[in-house]
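Below is one structure, written out as structure tokens; the observations come after it.
Chains as they are written, first to last, in this note's numbering: chain F, 383 to 661; chain C, 383 to 661; chain U, 383 to 661; chain Y, 383 to 661; chain Z, 383 to 661; chain S, 383 to 661.
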């Protein structure tokens, strides 16, 4: 689903047969000028999405973007201006804000995690716990906040998790064999990652040849032991129990990657406003 | 966009060309049984969506629903079981959880607001600050949490807000005239609501004949004065500055409706798990 | 389905793999100028739709609109001009006319009903008996003809009809209880209407609290009695047996709303022509 | 657009976010049985469409079809039965009737034209003046009424009309040359028809080699002269000014084909009812 | 599916969430100019498709077309130029080439067949053995190569093949009767063709009245006998066993039509390159 | 685009408004049984697609699959049987064969390349030169033929080609810097590959840190030198000038990956037949 699809569907959802308020209240010829303003600090994300909403609502709307994604938000600063028919500006307002406030919320939260691990080599990455239909936008917001993306989907990297290991165990297939068989089948550009939840699984996984090993719900001591065991033979990803209170200590354990579901599954919309003046 | 559309798109987004992990790791014939379990208290919402995800992934999956939307969640209780080919169960897991955790999060938050105003006549209602593409699901979650829905979209009720009033003012059209003209144009089933942000606007609006008047960002004293002024001639909706600390006092001001954007714009996913056993 | 969707689908339906006549007969460089002309009197509706068809066929076509929806049609008057590549103009002609002739037909018929009740307070409204896929256009045509719209769909107002009442009766649920329960569930912007087909049902319905009561297939005397009974506590809608011979008498019974299925279910296309000159 | 697409879109149009009346009023477990009954005479068309609507609404609905498209309708006869959850039956009712009443209306009108030309060799055929989105259904209804179909679209037969001839004339291309050039380009399965509006055009067109010549708005005498001139070298189609008063005389002129726009552009919905009983 | 649909889907397939190489490697402001060059001889087809790909990728790209479909390709000649943002040019490159190389391959192969039958009256035509989703483009390529199109689909001409005849035989329906019954049902613009695989079937088919008879897998002698038997009463199509070695002899048997599945089912992409220079 | 989408679109393309031959010729109640038979040797691919076509045409068709993708085809062997209404079986026949013949053609060609490099460590992989809309099917066919897949799309691996390098050069950005910057931006699961066309570029690329280096259009001696230079620090992919005559020598140069555009851009459909018997 392309960005335009996301926006067109959102607009249709928000007005399946027109904006009856504007039709009933507003003169067709009224023109409005609006300013997008941050009402709280944070990290900017989604200006392109914001602009595209208005372009798709009405090609006669002019949007001027005055800032860049990834920049810090200073409350009161004008981030973009929107000028056009009042009915059209009001038609796009809510959808543009709904999308952009979510993206800024994600970027802002991501930046807090990234700040927390500054000075370590750990990367903050997202997960598949994204909002259905909005994954591409939410991943962009993570990048705007200074984070990195994990695999986009089930199709572009192998990540065998506890449930896969349970199926293998039930089928009597040794994990190392399974990893080697998988490597032989997948393309040479496909990353191979396996999750373990116990230290004693690490050696079998790493020696079978993975690109990344995920240590799930390990304590800091276990993480340090895991990193030592892996000894550079694969990247090490920490997951589970990550929050702003714990992330710095996790990072200092020497892991390469820290995945944080909360970046996208529990988002507080950042407060942005569209201040409209009329002429 | 129907529920099936939402789910099909989410599934495609999550695996545009297949789940390469399952293909590489899991025997095609492995069968998995999974239990949906709450990991924290809250209000249940979205069991039908959860079940429908698996039906659309693979018609041979059997889902048994053991609870009802709107019920309180007891951590550890099994809410539903899912049995079928392991590849298919894992294919649907993340999408089913992503949708349902969000719905439970909304229902749970809504219930907290509803509890806070218990004993008053005020209704807690949602807004258009919903996730693009998921509005129908989020509205259902609000209802499951004991809240009520505001208008679904720009198409099904008139709500003239500050921006509309500004356009009218710029065009030199008295608000009372605009309200009467709108009433003459709209259908007899169309609700007419107008937002004001000052007490001195109330009389003009109410005497022009509205179904609901929204008092935006009023202090409690202003709300009480507004309710008195309206005197039953219209429903009174309070909006702005509503949170769990303020909502009870707002409700006690005698308003009929309290709209809360946070119900849907800042959702914390509720923790649910799909515990999988393999045979 | 947006207007553009309706048009794009109509164009695809009309030429799934091109207009083989134009390709075989017309020089690619020929330019045509066309005039949209009414060939019979009536009420104009759908000029925006007409223009949009040609814009979607070929962005290089210029359409100039010379009249306004809702105006009376004077046979022979040029309503719009269309200039562009001959192949493109002919490509759009039939679809533009098919849509607009239907809309003018509806507007014209609606205006006859509206004229027939002039001097009363009754509104002429449409129903859900619209052409699948074209409801939004047909509703606009009703408005252009001076009528009003009933609810758009099953989603935006409650209208309990005879079949609903039968289900309630079979379930042993008193109608008044059902109305009160429904009111408690629906949003504050949702209109609540109930249909009755006997006078003795009126009091129970009105006293339970509805916004509109529909009196279905009532004789004029029954309608007058019904209006008296309701006594202003709800709007009164008359339905059933409404035609141009009966509508004036029905209106004089004091009802607020008269719904007419024939406005959209039995439409005679108004005769419009696209006169093409070639250069 | 397949039949399922037509129905799914119609259902979505009729309830973008659910049937709030049924949700508010009807117990989820209520079951309804309904009978489709004709309320006036005519020709049956669209039973398959009717049944498919309910199948798509809810796979648990059982539809039993008791008649066949093309049969005469006897008022009061039960044409089909529908049994299933009351909410689902009511959900599909209006769309099923909207589609089928239109199809029966078309079939009934077509049959009147076909009856009027009985005893001649003339066929009654439809035109491209169909309802956007419903052409396939309307063509089926014409066949059910005993008529035949003209080309489906601009893609499957060549029909050069007055506007094409005007473009050729402006480009200085003799019509006979154009016809021969077109024949050389089009596929061997593609029918080639040319419209003329004057007798003196007939010989040039026929001798250039067309499959059908359309005589547009000819008087009966002109039609007879045209038929004589063509002398079996091509099929002859009469169009323009065809109505139930004129069609018999036109047919007796010896034309092969009579095209009637009114079959589909001005349809009166036939009165059908869905009588619901509840258990 | 329109051309734009084909292209948009191809672009989405080729980058469901963006071109991560360009994002990671290329400055957003870099501009590229590219030349489309043939690397081997052949027949040109698909320049409009090529140009449209870039228009849909980025409206700011300028495409200048310097040749025409149907012309011979001279290796090294520049066929079109493309100038625009480097990221956008590279985004469209592969899809534009994938589509156009296929079309040129088809046109080139078609031209070889057409050349082989030059001097006879036989037409080279395509079949339904086209690439799913690309039939319209592949048919255009056949025309660009000098061939003609057979029916587009199952909907626009009748072609009864061996399997249909087998069903009729099993049902005890004489073929002549079936042909006459079909003719009575189908529209007057619908072409009626029947396939036979034995000489002794010819007379029954032709005398029942078909527009074309297909002689499938006939030897040259049988073809000559078949043409003699038909004696101008229908077009004669040869099919089966047609390749560049046999087609000339088949054509000299006097058939009107030779259908060649290989035109579209076994295509060698023609070598085209997009040479990019950067500024 | 899911497999079902591909099939549904292909079916609609092949019969936008029904199969008029079957409707005109075949009794609705006729039943057909068909056997899928290979008519030439090769490798089987696409049985699941074949079966799905018929399931989507008519749920009452029974398909029994008697072989497995990847197996060698023995001419005359029955691969699957299809039984159902004759109209439905004929409706799906052409599309099922069009898709499956292409897949078998690709698998068969791939197997020839894989056979040619047997005994070396080189993998045969596909490219993005696939048929628009069919990439997922064509990739599966490559795997069924024993090949491996390269990246699926522009979104799931970085591959900087000559054009990217040219843009970097024009922008004055050293390649090594660009590679290091890209690595810092992309996710940890994203593969990073760079193409070079000269030996002297190898060291800069490899020492900057890539996962794979593509040596484009290298002679065998250059390939050997390249492999020696890389010395295991990255995978080595050979591309350009690969055909069945050259691939073995290329493989013996010690490269890891050999990409072959011809696997998918120039496919000869494998000859399969659906032999139908009627009852």
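C-beta: ideal position from N, C-alpha, C; glycine also.
As the structure is a prediction and not an experimental result, all values here were calculated from the model.
- Annotated three-state conformation of residue 660/S is strand, per DSSP.
- Within the DSSP secondary-structure output, residue 577/U pairs in a beta bridge with 596/U.
- The count of Cβ pairs closer than 8 Å, one atom from the segment 387–403 of chain C and one from the segment 472–489 of chain C, reaches three, so the stretches are in contact.
- Following the DSSP letters along the chain, one finds residue 552/U inside the alpha helix (DSSP H) bounded by residues 544–553.
- In this structure, DSSP gives residue 533/F a state outside helix and strand, which the three-state scheme calls coil.
- Counting along the chain, the unbroken beta strand (DSSP E) around residue 415/F starts and ends at 413–420.
- Its chain contains 577, 579, 621 and 622 as the residues whose beta carbon lies nearer than 6 Å to that of residue 598/C, once the 5 sequence neighbours on both sides are disregarded; these appear in chain order.
- Neighbourhood of residue 590/C in chain Y, by CB distance below 8 Å: empty, with the nearest CB roughly 28 Å away.
- Bounds of the beta strand (DSSP E) holding residue 465/C are 460–467.
- A residue is called buried once 16 or more other Cβ atoms fall within 10 Å of its Cβ, and residue 531/S is buried on that count.
- Look at residue 571/Y here: in three-state DSSP terms it is coil, with no helix or strand label.
- For the segment 488–515 of chain U, the set of positions with a beta-carbon nearer than 8 Å to some beta-carbon of chain C reads 505 and 507 in chain order.
- Distances from the alpha-carbon of residue 507/F to those of 433/F, 501/F, 514/F and 488/F put 488/F closest.
- Here residue 468/S is near residue 412/S, since their CB atoms are less than 7 Å apart.
- Taking 7 Å as the cut-off, the Cβ atoms of residue 632/Y and residue 505/Y do not count as close.
- DSSP places residue 619/C in no alpha helix (DSSP H) but in the uninterrupted beta strand (DSSP E) bounded by 617–621.
- The beta carbon of residue 465/U sits closer than 6 Å to the beta carbons of 415 and 444 from its chain, once the five residues preceding and following it are set aside; these are given in chain order.
- Annotation: residue 492/C to residue 517/C spans about 15 Å, alpha carbon to alpha carbon.
- Residue 402/Z and residue 541/S have their alpha carbons spaced roughly 9 Å apart.
- Contact check for residue 476/Z against residue 439/Z fails: the beta carbons are separated by 7 Å or more.
- Per DSSP, the unbroken alpha helix (DSSP H) holding residue 435/C starts and ends at 429–439.
- Taking C-alpha positions only, residue 600/Y is separated from residue 616/Y by approximately 17 Å.
- For the segment 524–550 of chain C, the set of residues with a beta-carbon nearer than 7 Å to any beta-carbon of chain Y comprises 534, in chain order.
- When the beta-carbon positions are compared, residue 455/S and residue 424/S come within less than 7 Å of each other.
- Shown here, residue 384/C sits in coil according to DSSP, grouped into three states, outside any helix or strand.
- Sequence-distant Cβ neighbours of residue 611/S in its own chain, meaning closer than 6 Å and more than five residues away, are 584.
- Under the three-state reduction of DSSP output, residue 444/U falls in the strand class.
- From the listed residues 588/Y, 648/Y and 582/Y, the smallest Cα separation to residue 574/Y is found for 588/Y.
- For residue 642/Y, the three-state secondary structure derived from DSSP is coil.
- Secondary structure note for residue 650/U: its beta strand (DSSP E) is the uninterrupted segment 648–650.
- A direct Cα-Cα distance of roughly 14 Å separates residue 524/S from residue 651/S.
- Beta bridge pairing from DSSP links residue 454/C with 425/C.
- Here residue 655/S carries a strand assignment [DSSP, helix/strand/coil].
- Rounded to the nearest whole angstrom, the C-alpha separation of residue 552/Z and residue 569/Y is 33 Å.
- Relative to residue 410/F, the option among 624/C, 539/C, 549/C and 405/C whose CA is nearest is 549/C.
- Out of 437/S, 471/S and 393/S, the CA that lies nearest to the CA of residue 545/Z is found in 471/S.
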